[in-house]
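Number of protein chains: 2
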Amino acid sequence: MRLSIEEAEKLANKLKFRHEDNTVIAVVQDYKTKEVLSVAFMNREALIKTVTTGYLHLWSTSRKKLWLKGETSGNLQIVVDIKIDCDEDAVLVLVKPMGPMCHTGNFSCFYRRYSEIL
Amino acid sequence: MRLSIEEAEKLANKLKFRHEDNTVIAVVQDYKTKEVLSVAFMNREALIKTVTTGYLHLWSTSRKKLWLKGETSGNLQIVVDIKIDCDEDAVLVLVKPMGPMCHTGNFSCFYRRYSEIL
Chain F
1 MRLSIEEAEK LANKLKFRHE DNTVIAVVQD YKTKEVLSVA FMNREALIKT
51 VTTGYLHLWS TSRKKLWLKG ETSGNLQIVV DIKIDCDEDA VLVLVKPMGP
101 MCHTGNFSCF YRRYSEIL
Chain L
1 MRLSIEEAEK LANKLKFRHE DNTVIAVVQD YKTKEVLSVA FMNREALIKT
51 VTTGYLHLWS TSRKKLWLKG ETSGNLQIVV DIKIDCDEDA VLVLVKPMGP
101 MCHTGNFSCF YRRYSEIL
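Just so you know, the protein sequences line up as chains F and L, in that order.
Following full-length UniProt numbering, the numbering of the first sequence begins with 1 at its first residue and continues without gaps.
Following full-length UniProt numbering, the numbering of the second sequence begins with 1 at its first residue and continues without gaps.
In structure tokens, the structure reads:
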């Protein structure tokens, strides 16, 4: 998906960036397998970059920095669709991954069952 | 799933409750259809209640209150499995819903495409 800057601004205006560092929560799901790949945050700029470029951008709450997911690894996440939650402070980003989402090399960040960390 | 209080405490000790009000992010997914139903927060108490009772409990950051999901509506969410993310500050809760997750009556909180709110 690719939106014009006007549409992107309009979408951003409808969202409530009320989480950490003025963000919405972004749940990232593989559009095909429906596997949940990650959960992270998007500030207004990350949301606008995501929908205007078609590539997943996030706000890093630890590094206080906007980042293009896969910028260094090459594992870009192509955005296919976005869904909005009932109270407009979270988005579900459906992606077509060009590689693993997780920095560990695993396809999903949720690669362990709870019993594996006990 | 049902854990003993000892196992539940052990699991909680491995997690980093570092989000709003000392929580982990909880992504809730239907274990069968893989539909993402909601994203919310769990503090230590909500996590322990969830894994010891087998029913989804959350921490409401707006009401500053622990709640059993479905307590008033009857739409309890039965927990089937839990996955942990790479940095241990988010969990993916796989549930068998006894009814809609969303307070609007929709099955998922993510019931709208972005284009519907523009």
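A virtual CB, placed ideally from N, CA and C, is assigned to each residue, including glycine.
CB contact below 9 Å: residue i versus chain L
i                     : result
residue 122 (chain F) : Past the edges of chain F, shown from 1 to 118, lies residue 122 (chain F), and the structure says nothing about it.
GLU7 (chain F)        : yes
ARG2 (chain F)        : no
GLN29 (chain F)       : yes
GLU88 (chain F)       : yes
ILE117 (chain F)      : yes
GLU35 (chain F)       : yes
LYS16 (chain F)       : no
LEU76 (chain F)       : no
Neighbour list for residue i in chain F, Cβ cutoff strictly below 7 Å
i               : result
ASP21 (chain L) : Under the 7 Å cutoff, chain F gives no residues; its nearest Cβ is about 11 Å from ASP21 (chain L).
LYS10 (chain L) : LEU118
Boundaries (first-last residue) of the beta strand (DSSP E) holding residue i
i               : result
LYS10 (chain F) : Segment 5-14 is the alpha helix (DSSP H) holding LYS10 (chain F); no beta strand (DSSP E) there.
ASP30 (chain F) : 23-30
ILE84 (chain F) : 77-84
SER60 (chain L) : 57-60
LYS65 (chain L) : 65-68
LEU94 (chain L) : 90-97
Short CB-CB distance (under 9 Å) between residue i and chain F
i                : result
SER38 (chain L)  : yes
VAL91 (chain L)  : yes
ILE48 (chain L)  : no
ASN106 (chain L) : yes
Option nearest residue i by Cα separation, candidates the options
i                : options                                 : result
PHE41 (chain L)  : L:GLU88, L:VAL24, L:VAL95 and L:ASN75   : L:VAL24
GLY74 (chain L)  : L:GLU88, L:TYR55, L:LEU37 and L:CYS86   : L:TYR55
ALA8 (chain F)   : F:THR72, F:THR52 and F:VAL79            : F:THR52
THR61 (chain F)  : L:HIS19, L:ARG44, L:ASP85 and L:ILE84   : L:HIS19
MET98 (chain F)  : F:LEU92, F:GLU6 and F:THR72             : F:THR72
TYR114 (chain L) : F:LYS34, F:LYS32 and F:LEU47            : F:LEU47
LEU15 (chain L)  : L:ILE82, L:LYS69 and L:ASP89            : L:ASP89
PHE110 (chain F) : L:ILE117, L:ILE84, L:LEU68 and L:THR104 : L:ILE84
LEU92 (chain F)  : L:THR50, L:VAL80, L:ILE5 and L:SER38    : L:SER38
VAL27 (chain F)  : F:LYS10, F:ARG112 and F:SER108          : F:SER108
LYS69 (chain F)  : F:VAL80, F:GLU6, F:HIS57 and F:GLN29    : F:HIS57
Under 9 Å from the C-beta of residue i: neighbouring residues of chain L
i               : result
THR52 (chain F) : The premise fails here: THR52 (chain F) is roughly 13 Å from chain L at the closest Cβ pair, so nothing lies under 9 Å.
Alpha helix (DSSP H) segment containing residue i, residue limits
i               : result
LEU47 (chain L) : 44-53
Contacts of residue i in chain L (Cβ-Cβ under 7 Å)
i               : result
ILE25 (chain F) : ILE25 and VAL39
Chain F residues whose Cβ lies nearer than 8 Å to that of residue i
i                : result
ARG112 (chain L) : LYS83 and ILE84
LYS96 (chain L)  : Near LYS96 (chain L) there are no residues of chain F at all, since even the closest Cβ is about 16 Å away, more than 8 Å.
task = Quick one: which residues of the region 57-71 of chain L get their C-beta closer than 8 Å to a C-beta of chain F? List them in chain order.
result = none
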